[in-house]
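Residue numbers (this note's numbering): 40 to 160. Glycine included, each C-beta is placed from N, C-alpha and C at the ideal position. These numbers were taken from a predicted model, which means no experiment stands behind them. Just below is one structure, and these are the notes that go with it.
See below:
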């Protein structure tokens, strides 16, 4: 069982953990990092489908996950109350370079992912 991130975790940690979990194919654990609202519009299976679509032409799946420091935004026009950061997470493997951008929000003492945007900008 993957522990929920706590207030002691940083938004970078949550974004990195999400990327590592989807790279490992642990979609149910990655799903637990989403807010209840995000969970209502997705599922572990939809996470799996998003990754399968991005990596369909590449053998070996995701081999490296990296939070891109230059892809971290802490203030943006559509920022909502509780939002902490928008974080660009590079997902790379043999023959592909993709990404997921996650919006991390603070809910009580937890940092969770409110929104996912798949693919490179």
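Judged by DSSP secondary structure, residue 73 falls outside any beta strand (DSSP E); it is assigned neither H nor E. Residue 128 sits close to residue 58, with the two beta carbons spaced by under 8 Å. One alpha carbon belongs to residue 73, the other to residue 151, and they sit about 5 Å apart.
By the Cβ test, the segment 86-96 is not in contact with the segment 117-125, since fewer than three Cβ pairs between them sit closer than 8 Å.
In the DSSP annotation of this structure, residue 49 is not part of any alpha helix (DSSP H), being labelled neither H nor E.
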